[in-house]
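FYI, in UniProt numbering the residues of the sequence shown are 1 to 348.
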Amino acid sequence: MRPHDRLMGLDLPHGGHLSHGYQTPQKKISAVSTYFETFPYQVDLETGIIDYETLAKNAKLYRPKCLVAGTSAYCRLIDYKKMREIADSVGAYLIVDMAHISGLIAAGVIPSPFEHADVVTTTTHKSLRGPRGAMIFFRKGVRSVDPKTGKETMYDLEGPINFSVFPGHQGGPHNHTITALAVALKQVDTPEFKQYQAQVLKNAKALEEEFKKLGHKLVSDGTDSHMVLLDLRPKALDGARVEAVLEQINIACNKNSIPGDKSALTPYGIRIGAPAMTSRGMGEEDFKRIANYIDKAINLCKSVQAELPKEANKLKDFKAKVASGTVQEILDLRKEMAAWASTFPLPV
1 MRPHDRLMGL
11 DLPHGGHLSH
21 GYQTPQKKIS
31 AVSTYFETFP
41 YQVDLETGII
51 DYETLAKNAK
61 LYRPKCLVAG
71 TSAYCRLIDY
81 KKMREIADSV
91 GAYLIVDMAH
101 ISGLIAAGVI
111 PSPFEHADVV
121 TTTTHKSLRG
131 PRGAMIFFRK
141 GVRSVDPKTG
151 KETMYDLEGP
161 INFSVFPGHQ
171 GGPHNHTITA
181 LAVALKQVDT
191 PEFKQYQAQV
201 LKNAKALEEE
211 FKKLGHKLVS
221 DGTDSHMVLL
231 DLRPKALDGA
241 RVEAVLEQIN
251 IACNKNSIPG
261 DKSALTPYGI
271 RIGAPAMTSR
281 GMGEEDFKRI
291 ANYIDKAINL
301 CKSVQAELPK
311 EANKLKDFKA
321 KVASGTVQEI
331 LDLRKEMAAW
341 ASTFPLPV
């Protein structure tokens with residue numbers, strides 16, 4: 001792509017990634033939105049599923065050079081065939097960013113984008129369980145054939161992509177990282193890795209089912225992947241406060257924007273993933289227990305917030321309170337969590 005070429009990606013509050021061109025009315029947030037012209041597509045606010053019909057209509061109006069099918073907080077499967085059809089309808093390249101789900105794809109437990117995409121990108125340190133790094137896959141050969149003349153148009157991706165990596169964006173190779181990636185990819189090609197990824201899906205599903213039993217709302221009403229996204233608006237809580245309490249009791253998650261949020265800076269969701277604790281040997285019943293701990297933390301958030309005086313009830317005041325060591329429920333949960341988690345040693 002040249003500067004000011006057009007790109008469409010999933011909107012950040014709807015599950016997309018910053019690097020897919022996110023911008024606000026006041027500011028271009030990512031480098032992609034600075035270098036290129038970007039236009040978002042979104043999910044249906046009722047279902048939480050990508051609105052392919054509106055995407056197709058907007059693509060015909062905007063006519064992007066690249067359509068990006070990729071997410072960072074979208075728990076459902078992407079219809080790559082439909083994305084391919086939309087890209088073809090406007091002559092766009094289809095780029096699939098599978099960074100968060102590449103381990104699941106490599107294990108064959110969710111559908112692969114390779115049949116449909118022109119370019120596939122991924123990081124290597126998320127569900128793939130490798131070192132921090134990335135890989136780019138691209139097509140060669142015939143891209144299209146003119147139905148009238150029979151003239152073939154060939155892909156010309158190899159040279160521009162290689163040049164963009166070096167010297168465009170990188171310098172010397174990190175041979176230790178390349179070696180670590182080779183080891184990770186060797187592990188991917190084992191029955192044990194496939195079993196692991198299948199368990200990741202089961203554990204994420206266990207989280208979904210237990211959260212529903214506990215009365216929580218999930219974005220898109222569930223998950224087909226390795227993570228769940230909780231909608232905290234029915235609890236009148238924001239993600240930052242819940243994240244702060246969970247951090248104090250040794251549960252790692254992150255506040256996350258969700259469809260309908262007014263600002264990405266004040267998100268009303270939290271994102272919880274299954275891969276790490278699955279690597280430590282946890283199963284479905286353990287993840288149900290995690291859901292119950294998170295439920296306790298959410299209820300604790302409400303009680304702590306209610307006890308703060310009106311003149312000191314901002315986020316900074318809330319964080320100071322939960323980190324002060326004076327909330328006994330937090331101290332008790334932290335101790336209980338540490339004792340339980342220690343029974344699942346880190347894999348070596």
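From the three backbone atoms N, C-alpha and C, an ideal C-beta is built for every residue, glycine too.
| query | Do you know whose CA, among Gly-133, Ala-236, Ile-298, lies nearest Glu-170's CA? | reply | The sequence given here places Gln at residue 170; Glu does not occur at that position. Closest option to Gln-170, Cα to Cα, is Gly-133.
| query | Which one of Gln-195, Ala-117, Gly-103 has the shortest CA to CA distance from Thr-123? | reply | Gly-103
| query | For Arg-139, which of helix, strand or coil comes out of DSSP? | reply | coil
| said: Suppose the cutoff is 7 Å on Cβ atoms and the five residues either side in sequence are ignored; what does the same chain contact list for Ala-264 look like? | reply: Leu-12, Pro-13, Ser-257
| task | Decide if residue 376 is buried, meaning its Cβ has at least 16 other Cβ atoms within 10 Å, or exposed. | result | The structure shown has nothing for residue 376, since the chain only spans 1 to 348.
| query | Per DSSP, Asn-299 is paired with what? | reply | For Asn-299, which the question treats as bridged, DSSP gives no partner whatsoever.
| Rounded to the nearest angstrom, how far is the Cβ of Met-1 from that of Cys-75, given a contact under 8 Å? | That belief does not hold up - the Cβ atoms of Met-1 and Cys-75 are roughly 29 Å apart, past 8 Å.
| For Ile-50, the three-state DSSP class (helix, strand or coil) | strand
| Taking the continuous alpha helix (DSSP H) assigned at Val-188, which residues delimit it? | 175-188
| Candidates Ile-294, Asp-295, Asp-317: which alpha carbon is nearest Gln-305's? | Asp-317
| request: Assign residue 367 to buried or exposed, taking buried as 16 or more other Cβ atoms, counted over all protein chains shown, within 10 Å of its Cβ. | output: Nothing about residue 367 can be reported from this structure: the residues present for the chain run from 1 to 348 only.
| query | By DSSP, does Thr-223 sit in helix, in strand, or in coil? | reply | coil
| said: For Met-154, count the other beta carbons within 10 Å of its own beta carbon; 16 or more makes it buried, fewer makes it exposed. Which is it? | reply: exposed
| task | Report, in whole angstroms, the separation of the C-beta atoms of Ala-198 and Glu-284, which I expect to be a contact under 8 Å. | result | Between Glu-284 and Ala-198 the Cβ distance is about 12 Å, and since that is not below 8 Å, they are no contact.
| field | Host beta strand (DSSP E) of Phe-39 (start-end) | value | Looking at the DSSP string, the run of the beta strand (DSSP E) that includes Phe-39 is 37-41.
| said: Distance check for Leu-346 and Ile-294, CA to CA, integer angstroms please. | reply: 22 Å
| Helix, strand or coil: how does DSSP classify Ala-306 here? | helix
| field | Between the CA atoms of Arg-334 and Ile-298 - distance to the nearest angstrom | value | The C-alpha of Ile-298 lies about 14 Å from the C-alpha of Arg-334.
| For Tyr-41 versus Leu-18, is the C-beta spacing smaller than 9 Å? | no
| said: Here's a check: name, in chain order, each residue in its chain whose Cβ is nearer than 6 Å to the Cβ of Thr-223, leaving out the five neighbours to either side. | reply: Cys-75, Ala-204, Glu-208
| 9 Å Cβ cutoff met for Gln-271 and Leu-230 | Correcting the residue identity first, residue 271 is Arg in this sequence and not Gln. Cβ distance < 9 Å, so Arg-271 and Leu-230 count as in contact.
| message | DSSP three-state label for Arg-2, please. | response | Three-state DSSP puts Arg-2 in coil, outside helix and strand.
| field | CA-to-CA distance, Lys-288 to Phe-344, given in whole angstroms | value | The straight-line gap from Cα to Cα measures roughly 16 Å.
| said: Quick check on the DSSP output: the beta strand (DSSP E) that includes Lys-255 runs from which residue to which? | reply: 254-256
| request: Pull up the distance between the alpha-carbon of Thr-71 and that of Met-337, whole angstroms please. | output: 31 Å
| Beta-carbon separation (whole angstroms), Val-322 vs Ala-244, contact threshold 8 Å | 5 Å
| field | Which listed residue (Glu-37, Val-348, Leu-237) has its alpha carbon closest to that of Lys-314 | value | Leu-237
| Length of the line joining the Cα atoms of Lys-186 and Ala-180 | 10 Å
| message | So, under 8 Å CB-CB, Ala-341 and Asn-250 are touching, yes? Tell me the CB distance rounded to an integer number of Å. | response | 7 Å
| What residue ranges within the stretch 224-280 form continuous alpha helix (DSSP H) runs of no fewer than 4 residues, ordered along the chain? | 239-248, 275-279
| said: Would Ile-95 and Val-119 be called neighbours here (beta carbons separated by less than 9 Å)? | reply: yes
| message | Can you look up Ala-99 in the DSSP assignment and give me helix, strand or coil? | response | coil
| query | What is the C-beta distance between Lys-255 and Ala-240, in whole angstroms, given that I count them as a contact (C-beta under 8 Å)? | reply | Taking the Cβ atoms as the reference, Lys-255 lies roughly 5 Å from Ala-240, within the contact range of under 8 Å.
| query | How would you write the range of the beta strand (DSSP E) that Leu-67 sits in, first residue to last? | reply | Element bounds for Leu-67: 66-70.
| Around the C-beta of Ser-303, are 16 or more other C-beta atoms found within 10 angstroms, so that it is buried, or is it exposed? | exposed
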